[in-house]
Amino acid sequence: MDASAKVFALDKSIQQCGEWTVVLPRRGRGRRKLPALRTLEEQPQLQPWCPADVELDPDRQSKLMQKMQASMEKVERSVFFKKMFEEFQTGGIWEHFRRVLGSEVKMQMVIYGIGSIESYETPRFQLSVALLLKKRFSWIGDIEVFDPILSATESRVLEAFGCSVLSINEQGRRQAIKPTLFYMPHCEAQLYDNLLRANWKAELLNQIVLFGNSFQVYQHMSNFSNSLVVGRSRHIFAATKFTDEYVIDTVSDDYFAAFHDSSWHFFSPDLKTELQIVTN
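Next comes the structure, spelled out in structure tokens:
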């Protein structure tokens, strides 16, 4: 069953998770099966998920909608976003996006680990940038979101902004069978490593754009980390050899907490030997 097809929907009722509605994939030609992975260690541990607090509070929902709208307006007016948008258009970033898109019209976006948008401003800034990029670029397609801490209220608000909330915890192991922007600001290294591991083939890596913690910073920090941490991040370190990275300039203190040490990452492994560095 295709993990990407399992999403929360507010207007249908097929399978109930408490009072929350989960829509399962439709049967038909478009249905894809998850490819078999090579080892037990790589086998995704897909865990069904729904918000712990299934009861909705209309007042909380209304207040959170207002917070998100205010956040998006603030970010859109900021020097930070204007500079980010200009660099997106004029620098090498756009050429990389064109390469990943290829002949496809749309690039889906998957957001992992966004955090609590109700409790903290930083996740609201991060989500605002993702939504504004979709607003500015018609080629950015559907947005899917997952974080195990999301509440029912937050899930409803995400749906109101056009996102779908995944009903399973993929643990970052989504295979890029089509061009995909993985938007993962300030996630744990293990999540990035899971993503790379699940896509450790040239044809898959070439379909990925990753926004998240700088791999260059991870490489530098590896000199001061213990062997266990390094071992769990081996795909990150191996990928630096064929990664083009563009560091985000936070411009002001307002956006430092949300985007410091964040980068766009583009992968272009050409030689099979580059992917044989990591062994299971």
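If you count the sequence shown from 1, position 112 lands on 112 in UniProt numbering, and the numbers rise without skipping.
For each residue, glycine too, the CB sits at the ideal point set by N, CA and C.
As the structure is a prediction and not an experimental result, all values here were calculated from the model.
#### Entry: Contact check, Lys82 vs Asp249, beta carbons under 8 Å
no
Margin query: Residues in the same chain with beta-carbon distance under 7 Å from Thr153, minus the five sequence neighbours each way, listed in chain order, please.
Written below: Leu56, Asp57, Arg60, Gln61, Leu64 and Glu118
Exposed or buried, which one is Gly91 when buried takes at least 16 other CB atoms within 10 Å? exposed
#### Entry: Asn213, enclosing alpha helix (DSSP H) - first and last residue
Unbroken run through Asn213 is the beta strand (DSSP E), Ile208 to Asn213; no alpha helix (DSSP H).
Need the endpoints of the alpha helix (DSSP H) that residue 285 sits in, please.
The question about residue 285 has no answer, for the chain in this structure spans 1 to 280.
Checklist entry - What separation, rounded to the nearest whole angstrom, lies between the Cα atoms of Asn213 and Ala176? => result 19 Å
Quick one: complete alpha helix (DSSP H) runs, 4+ long, within the stretch 158-209? 189-198 and 202-205
Note to self: My output table needs one value for Ser103: the three-state DSSP class, helix, strand or coil.
What the structure shows: coil
**Message:** If distances are taken between C-alpha atoms only, which option among Val79, Trp49, Glu87 and Ser263 comes closest to Leu181?
**Reply:** Ser263
Problem set entry | Closest Cα partner of Val173 within the set Leu166, His186, Arg197 and Pro179 | Note that residue 173 corresponds to Arg in the displayed sequence, not to Val. Per the Cα distances, Arg197.
* Per DSSP, Trp264 forms a beta bridge with which residues? -> Phe211 and Tyr246
Query raised in the report: Starting from Ala236 and walking both ways along the alpha helix (DSSP H), at which residues does that stretch end?
Result: The amino acid occupying residue 236 in the given sequence is Ile; Ala does not appear at that position. Arg234 to Ala239 is the span of the alpha helix (DSSP H), which, as asked, contains Ile236.
Query raised in the report: With DSSP run on the structure shown, which of helix, strand or coil describes Asp142?
Result: strand
_For Ile111, list the residues DSSP reports as bridge partners._
Val145 and Tyr183
Give me the DSSP bridge partner(s) of Gln47. Asn169
Check your understanding: Does the beta-carbon of His220 have 16 or more other beta-carbons within 10 angstroms, so that it is buried, or is it exposed?
Key -> exposed
Out of curiosity, what's the CA-to-CA distance linking Ile208 and Tyr183? 10 Å
**Asked** Using DSSP with H/G/I as helix, E/B as strand and the rest coil, what is Leu150?
**Response** coil
- Alpha carbon to alpha carbon, how far is Arg99 from Ser151? 37 Å
### Message
If you reduce the DSSP assignment to three classes, tell me which class Phe137 lands in.
### Response
coil
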